[in-house]
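> So our numbering is basically just the index in the sequence shown, starting at one, shifted up by 7.
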Amino acid sequence: MKSLFAGANPLHWCDACHLPVLSKRCGCGGGARPVAVTPPGDLRPAFSYDITLINQIFEDAFGSPLIPDGHLVLMNKVPDHDRMEEIIIGGAVIAAIRYLPDEGRWEALPRIHCIRLMQPVKRYVVVSDDAAPFIENGSSVLAPGVVEIEPHINKGDEVFVLTEDGTCIGVGRAKMGSGEAKRAARGQVVRLRKNSSQIFVPGTSTWNDAVMANRGILESMEQSAISFIKEVAENKNLPLTVSYSGGKDSLATLILALKAVGPVPLIFADTGLEFPETYENVSRVSLEYGAPIFRADGEAGFWETFSQKGPPAIDFRWCCRACKLSPIKKLIEREWGECLSLIGQRKYESARRKKTRRIWRNQNVGNQLSASPIQHWNALHVWLYLFQEKAPYNPLYEMGLDRIGCYICPSSDIAHLQMIAERYPILWSRWESAVCAWGAAAGRSKGWFESGAWRVHRGGINDEDSHY
8 MKSLFAGANP LHWCDACHLP VLSKRCGCGG GARPVAVTPP GDLRPAFSYD ITLINQIFED
68 AFGSPLIPDG HLVLMNKVPD HDRMEEIIIG GAVIAAIRYL PDEGRWEALP RIHCIRLMQP
128 VKRYVVVSDD AAPFIENGSS VLAPGVVEIE PHINKGDEVF VLTEDGTCIG VGRAKMGSGE
188 AKRAARGQVV RLRKNSSQIF VPGTSTWNDA VMANRGILES MEQSAISFIK EVAENKNLPL
248 TVSYSGGKDS LATLILALKA VGPVPLIFAD TGLEFPETYE NVSRVSLEYG APIFRADGEA
308 GFWETFSQKG PPAIDFRWCC RACKLSPIKK LIEREWGECL SLIGQRKYES ARRKKTRRIW
368 RNQNVGNQLS ASPIQHWNAL HVWLYLFQEK APYNPLYEMG LDRIGCYICP SSDIAHLQMI
428 AERYPILWSR WESAVCAWGA AAGRSKGWFE SGAWRVHRGG INDEDSHY
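Given below as structure tokens:
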């Protein structure tokens, strides 16, 4: 299970406007209530792709889509064995989705609030009026209290528990399949989860509305970041650059830099393993903002090291040094000797980044002083800011990716890599061929790549850098 670290959660909800607010007051002037989410709470908007995926997962499981048109949806990635995301609508976590890599499928994890947005026609259990009060108080569903069980339920399925008049009184996991439950005279049929006590006030709104509701906090965050950039640029007296990856955080950082000091050059670490959309975005951003690109070419270094060490792994990230840090160090030596780079690093991204100072030097790139203007922003701050600025963000975010980097990154979830393999078959086939050839020479089994075992090295030295 991936590590859990606590971060301050600024998420609030305005029930009058049906909007997320990153402070205690909405732009409408009314108060906003806090919304509890699983830490670290690096919230992001659900784009059309995400909403379609969620609705398909719920339709497959329960015969009904979850999200109606017009509702603003947030997603919150939480620690799990692979990928799991909470779904926030109406100021409440109403469900989650989880990817099961061993089965190659997504699982729907509803909460009781779901019933106000959907009507399950599959995977439900109806209990007697006599049993209902006990179940409402947290008791499991026992066989004697079952009036009806939908026939498609298998042991382990998520199910809704309904009363005889159709009221939902709980959700949980089936401990028996429908066939066994119909024959059973006793025993636990459904183990209930504790019902959510969160306030749920659904309603329609737009992301433009959300920007307006958060205008005050965005202006405050912007001014703080601009002041930071001006101060560090003046005090350090070094050539100023922005490290640009094609991702949302570096785009927000670039816009802040332009407002603070004017046009600045971009340093782009070209690994040769970027998505086509990323290359297009880098060129577009450079042209639109008048920021010249300085490319650090790391492709040759990657494949040279690959031939010696094999594929990078979660616990063996030699790739950052080989195809990013070393080429960047050489680029800086050639162009400026030494420079100050603004980095789109945020503390909400990981426990390691939370501990990183706002100004630092990387031991592998001693001629680069790094500074993060958005260290204290969460992903929703960034997204609202980009929406406000009508910034040209990478379209990959609207295709289900929550972070932009190398398409072969071993730290990616299996769910993420599966999506890449389906969408970019030529790129993925090239990577599969290279890894399988190395694996065969190293005596790895035939299923080593397909199982995802190539992503784990065990015992290697991790050269992962904290800000690229």
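A virtual CB, placed ideally from N, CA and C, is assigned to each residue, including glycine.
Keep in mind it's a predicted model, so treat the numbers as computed, not measured.
Can you tell me whether S252 is helix, strand or coil according to DSSP?
If DSSP states are grouped into helix, strand and coil, S252 belongs with coil.
> Could you give the C-beta distance for V389 and K255, rounded to a whole number, given that I count them as a contact under 8 Å?
Right, their Cβ atoms sit about 5 Å apart.
> Would you call the stretch 392-407 in contact with the stretch 269-288, where contact means no fewer than 3 C-beta pairs closer than 8 Å?
Yes, they touch.
> Smallest Cα separation from P108: which of P127, Q126, V28 and H88?
Cα-wise, what sits closest to P108 is H88.
> Can you tell me which of the three DSSP states C326 falls into?
Here C326 sits in helix by DSSP.
> Once you ignore the five residues that flank E396 on each side, which residues in its own chain have a CB closer than 6 Å to its CB?
These residues qualify, in order along the chain: I262.
> Under 9 Å, do V292 and G253 count as touching if we go by C-beta distance?
Yes, the pair counts as a contact, with Cβ atoms nearer than the cut-off.
> Could you check the C-alpha separation between N374 and E342 for me, to the nearest Å?
Cα to Cα, the separation comes out at about 11 Å.
> Tell me whether K31 is buried or exposed, calling it buried when 16 or more other Cβ atoms sit within 10 Å of its Cβ.
By the neighbour-count rule (16 or more Cβ atoms within 10 Å), K31 is not buried but exposed.
> Count the other CB atoms within 10 Å of the CB of A444; is the residue buried (16 or more) or exposed (fewer)?
It is exposed - the Cβ of A444 has fewer than 16 other Cβ atoms within 10 Å.
> State buried or exposed for R222, treating a residue as buried only when at least 16 other CB atoms are found within 10 Å of its CB.
When all chains shown are included, R222 counts as exposed.
> Let me check one thing: in DSSP terms, what residues is N369 bridge-paired to?
BP columns for N369 point to V372.
> Give me, in chain order, the residues of the same chain whose beta-carbon lies closer than 7 Å to that of A259; leave out the 5 immediate sequence neighbours on both sides.
Result list for A259: G351, I381, V389, Y392 and L393, in chain order.
> M125 to K189, Cα distance in whole Å?
The straight-line gap from Cα to Cα measures roughly 26 Å.
> Are the beta-carbon atoms belonging to R353 and A307 less than 9 Å from one another?
Going by C-beta atoms, R353 is not nearer than 9 Å to A307.
> Would you kindly report the start and end of the unbroken alpha helix (DSSP H) that includes A480?
Missing from the structure shown is residue 480; the chain here goes from 8 to 475 and no further.
> Residue ranges of each alpha helix (DSSP H) run of no fewer than 4 residues wholly in the stretch 363-431, ordered along the chain?
Entirely contained in the stretch 363-431, the alpha helix (DSSP H) runs reaching 4 residues are, in chain order, 386-396 and 421-430.
> Reducing DSSP to helix, strand and coil, say where T3 ends up.
No information on residue 3 is available, as it lies outside the stretch 8 to 475 that the chain covers here.
> Report the three-state DSSP secondary structure of H483 (helix, strand or coil).
Summary: the structure shown does not reach residue 483, with the chain confined to residues 8 through 475, and so no result is reported for it.
> Flag this pair as yes or no: are the beta carbons of T248 and S348 separated by less than 9 Å?
Cβ distance < 9 Å, so T248 and S348 count as in contact.
> Buried or exposed for K453, please, with buried defined as at least 16 other CB atoms from any protein chain shown within 10 angstroms of its CB.
Result: exposed.
> Considering just the uninterrupted stretch of the beta strand (DSSP E) at S348, what are its terminal residues?
S348 -> beta strand (DSSP E) spans C346 to L349.
> Can you check which of these residues, S185, A240 and G34, is closest to A23 by C-alpha distance?
If we check each option's Cα against that of A23, G34 comes out closest.
> Who pairs with V166 in a beta bridge, going by DSSP?
Beta-bridge pairing links V166 to G179.
> How about V20 and R51: do their beta carbons lie closer than 9 Å?
According to the sequence as given, residue 20 is Trp; it is not Val. No.
> At the level of alpha carbons, what is the spacing between N161 and K182?
N161 and K182: Cα-Cα distance of roughly 8 Å.
> The beta strand (DSSP E) spanning D216 covers which residue range?
Unbroken run through D216 is the alpha helix (DSSP H), W214 to A220; no beta strand (DSSP E).
> Using CA coordinates, which residue listed in E238, V218 and N202 is at the minimum distance from L116?
The residue with the shortest Cα to Cα distance from L116 is N202.
> If the criterion is Cβ atoms closer than 9 Å, does the pair V154 and V134 meet it?
Their beta carbons are under 9 Å apart, which means V154 touches V134 by this criterion.
> Identify every residue that forms a DSSP beta bridge with D277.
According to DSSP, D277 bridges with D304.
> For the beta strand (DSSP E) containing Y131, list its first residue and its last residue.
Run containing Y131: Y131 to V134, per the beta strand (DSSP E) assignment.
> In three-state terms, what does DSSP make of M125?
Coil, per DSSP.
> Can you tell me which residues form a DSSP beta bridge with P52?
Its beta-bridge partners are L81.
> Name the residue from S250, P270 and V100 whose alpha carbon lies nearest to the alpha carbon of D277.
Of the candidates S250, P270 and V100, the one whose C-alpha sits nearest the C-alpha of D277 is S250.
> Just mark Q205 as buried or exposed, buried being the case when its beta carbon has 16 or more other beta carbons within 10 Å.
It counts as buried.
> Please state whether the Cβ-Cβ distance between G194 and A139 is less than 9 Å.
Contact flag unset, no.
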